[in-house]
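The next block holds one structure in the form of C-alpha cells; read it before the comments.
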Amino acid sequence: METRNTEIADLFKKTADFLEIAGTNPFRVRAYRNAARTIKSLARSITDLLTEDPDLTRLSGIGKELDDKIKEIIRTGKLGKLEELEERVPAGLHRVLKVPGLGPRKVKALYDKLSIRNIEDLRREAREGRIRELAGFGQKTENRILRDVDRLDSNEKRTLWITAENIAGSLREHLGFDLSNRDLIVTGSFRRRKETVRDLDVLVASRDSKAIMERFVNFDQIDRVLANGHTRASILLRSGLQVDLRVVELSCLGAALHYFTGSQAHNIAIRRLGRQKGLKINEYGVFKGDRRIAGQAEEEIFTSVGLPYIEPELREDSGEIQAAREKRLPALIALNDIRGDLHCHTDDSDGRNSLEEMVRAAETKGYEYIAVTNHTGSLKIARGLKAADVRHLIKKIDRLNQRLSHLVVLKSMEVDILKDGELDLPNDILEELDFTVCSIHSHFGLSRAEQTERILRAMDNPYFNILGHPTGRLLNRRPAYRVDLDRLITAAAERGCFLELNAHPERLDIDDVHCRSAKDKGVRVAISTDAHGISDLDFMRLGVAQARRGWLEPQDVLNTRGLDQLMKLFKRS
DNA sequence: GCCGTTTTCGGCCCGACTGTTTTCAGTCG
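Residues 40 to 612 in the numbering used here are what the first sequence spells out, letter by letter.
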C-alpha cells in the first residue's frame, strides 16, 4: 500500500513545488500540498479505497480535479500535468528551492535573469558575484547561498526524538529553568511526538524577552545564529538541529502553545473554523473584532471554535478535527495503562543484564509481567539460543517464577523467520513457550512479493503470535525492507496474530499510519521495548507516544491486558 | 484547486524577521 499512496503524494508535492516556481496562485499550490498530506496519512491504500467507492472527493482536500489526477497516476504511473510543467521549469530548480532563504519568487528571478537552472549554475553565479547585482538580492544573500549550497543534504537530516529531548534538557539548563518549571515548553513536532524532528520549537512565557534572547544565542552548542529579533530567535546547533525560540507574555501562553505546536495544517484548519465564526486566531489569542476573548489556556482555543480539546499527538489535520466535531476522538492510551513488556533480551543472548536484573527492573516499574525473548540460533551475531539452550532457559524461568509474587516472567523467544518462512525453532519447543515474537533479521533484499510471502508463510505456523519490528527500518540508518504491510495486517487479523510497535528510539516500528491501519482492521498492537538492558525498559514511553500518534486506545493494545486475558489472546486455533 | 448553516464565486491563517529597501517583498514556520 505504501508505494501507491507515497507515490501519489510525492508526485503532488513535486507538482506543488513546480507550480510555485512557475508563479501559480499560491492557494492552488496549497491544494496540491494538502492533497499530498491527506494521501500520505491515509490509514489505507488508495487502491483499496477505490474498490469500495470510486469517488475520492469524500477525502478532505480532494476535489474533482485531483480525484481525476489520482486515477491518472494509478492508471499510467505518471502525471501529465507534472510532465508539462517540467518542460517549462527546469527540473534542477526543484533542488535550488531547497536552499534556505530561496523561495519560489527568488528562484524564478534567478532563472529569468541569470538562467540558473540547477545547483551548479547557482554556485557558479554566486562565486562570480553576479547574484548580488540582481534587484532584490544583495551581498548577504549571495554570501548565504555560497555558505549553504554545499550542505543541502545535512539540512534534510532529521534528529531522533530522544536526541532532541536531550538537547532540550541542556538548553533548559542553560536558560536557567528547572525541569519542573512549566514556563519553558518544547512545542512543535517534538510535542506532537513525531519520531524525528527537523527543529526544536521552544516557547518561554516571560516579560523579560531581552535577557532570555541574549542567553539563548549564547548557548554553547551553537554553530551560528540564523535570526534574532525581539520575541523570536533561531539558532543552528553544531549537531545540525535548528532551534527556534519564541518569548510570549503569560497571558498569551495558551494561544502561543497551540500555534507553535502545530501542525501547520492543523492550525490552518482551526483558524478557518474560527473565521467561519467571525473570529481571528493567532499566537496572541482569539479575537472578535479588536476584542480578545481567549488565549491564556490552550483549551480555550478549541472551545472558541466549538471543539473539545485535541491532544497534540493527533494534530496533523488527518481527521482529528472532524472526529472532535463528531465527539468521537479516541481516548488515547497512556503510559500507566501498560501492564508489562513483551520483548526483552537478557545476557542469555545479546542483552547486557541478567534475567534476575531485568526482572527486578520490571518489578520496579510495577509491571504484572515481563517476557524474556532472546534470539534464536540462526542469529549468531546475537548469540542466539539453540533448542537445548531454550529448554534450559525455560526451566530457569520456571524456577524463578516460583519465587516471584507480584510479577510473572513469560517464557518466550524472538524467533527468527528464516528465508523460506520457516521459524528458527522446532514446534515441540515453540509449544512450551507462552507465546512468540517472530522477526526478520536477514535477507532484507528480497523483493516485495517474496518478503511478504515469507512472512505470511511464517504466520501460518500456529505458534506465531507477534510480528516483531514489522518493517525492520532503522531511523536515519536503514530503510524498511520492501513488504506489503497492509496485506500482513489483513493476514494477522485473519489468523489471530499481532503486530509489534517496537519502542526502540531508532525503530518506532510500526509507524503512526500503520497503527491506525491495524486498529481499523482490528489487529491489536504490542508496544514493546526490545530492551537489551534495564535502562532500555524506559523506551516504553516512546512506544506509547507513537501509539498515541496512531490513535490507539488502551483496548487496541495487547499489553494493557491482565495476564489471564493476555494468555487467552495468545491461544490460536 | 478546494469549498459552502453567508456563499457554486470569491474567498482561501497569520505574524515575525531579514535583507533590500526607503516602505516592503519574500521567506519561514
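The beta-carbon is built from N, C-alpha and C at its ideal position, and this holds for glycine as well.
Query, Result
"DSSP three-state assignment for arginine 422, whether helix, strand or coil", "coil"
"Inside the region 223-283 only - beta strand (DSSP E) runs reaching at least 3 residues", "223-225, 238-244, 261-267, 271-276"
"Of the residues Val225, Asp238, Leu547, the one placed nearest leucine 296, counting alpha carbons only", "Val225"
"Beta-carbon proximity list for aspartate 421, same chain, < 6 Å, skipping 5 on both sides", "Contrary to the premise, residue 421 reads as alanine rather than aspartate in this sequence. Excluding residues within five positions, the ones whose Cβ falls inside 6 Å are Ser388, Asp389, His414."
"Simplified DSSP state of methionine 40, which is helix, strand or coil", "For methionine 40, the pLDDT reaches just 47, beneath the cut-off of 50, and the residue's location in the model is therefore unreliable, leaving the point undetermined."
"Helix, strand or coil at serine 80 [DSSP, three-state]", "coil"
"Whole-angstrom distance between arginine 162 and valine 171, CA atom to CA atom", "Residue 171 is actually arginine in this sequence, not valine. Near 13 Å, if we compare the C-alpha coordinates of arginine 162 and arginine 171."
"6 Å Cβ shell around leucine 394 - same chain, five flanking residues per side excluded", "Thr385"
"Nearest candidate by alpha-carbon position, reference arginine 72, set Asp49, Asp238, Leu280", "Asp49"
"Within 7 Å, strictly: CB atoms of valine 325 and alanine 336", "no"
"Span separating the alpha-carbon of glycine 293 from that of asparagine 267", "23 Å"
"Separation of lysine 249 from glycine 317, as counted between CA atoms", "35 Å"
"Limits of the unbroken alpha helix (DSSP H) element including valine 583", "579-588"
"Segment contact, 8 Å Cβ cut-off, at least three pairs: the region 489-498 with the region 443-460", "yes"
"DSSP bridge partner residues for serine 451 (one or two, in chain order)", "Thr412"
"Cβ pair count under 8 Å reaching 3, the region 600-608 against the region 423-436", "no"
"Residues near lysine 327 by beta carbon distance below 7 Å, same chain, minus five either side", "Gly317, Leu318"
"Phenylalanine 229 classed as buried or exposed, judged by whether at least 16 other C-beta atoms fall within 10 angstroms", "buried"
"Host beta strand (DSSP E) of glycine 345 (start-end)", "That residue, glycine 345, is in no beta strand (DSSP E); it is neither H nor E in DSSP."
"Glutamate 91 versus lysine 108: straight-line alpha-carbon distance, rounded", "18 Å"
"Alpha carbon of glycine 131 to alpha carbon of glutamate 545, nearest angstrom", "33 Å"
"Where aspartate 380 falls: helix, strand or coil (DSSP)", "strand"
"Exposure of arginine 588, with buried meaning 16 or more beta-carbon neighbours within 10 Å", "buried"
"Contact under 7 Å by Cβ, alanine 410 with isoleucine 468", "no"
"For isoleucine 60 and tyrosine 323, the rounded distance between their alpha carbons", "33 Å"
"Whole-angstrom distance between leucine 371 and lysine 560, CA atom to CA atom", "18 Å"
"Residue(s) in a DSSP beta bridge with phenylalanine 326", "Lys319, Arg331"
"Distance, phenylalanine 51 Cα to methionine 40 Cα", "Because methionine 40 carries a pLDDT of 47, less than 50, the predicted location of this residue cannot be relied on, and the following value inherits that uncertainty. Rounded to the nearest angstrom, the two C-alpha atoms are 17 Å apart."
"The beta strand (DSSP E) enclosing isoleucine 566, as first and last residue numbers", "564-567"
"Rounded separation between glutamate 539 and arginine 197 - CA only", "24 Å"
"Beta carbon of aspartate 262 nearer than 7 Å to that of arginine 277", "yes"
"For valine 476, the residue or residues it bridges with in DSSP", "Glu453, Ile505"
"6 Å CB neighbourhood of phenylalanine 57 in its chain, flanking five on each side removed", "Leu124, Val128"
"Endpoints, alpha helix (DSSP H) assigned at asparagine 541", "Unbroken run through asparagine 541 is the beta strand (DSSP E), 537-541; no alpha helix (DSSP H)."
"C-alpha distance - lysine 103 paired with glycine 142, whole-angstrom precision", "29 Å"
"Assigned exposure category for histidine 445 - 16 Cβ within 10 Å defines buried", "exposed"
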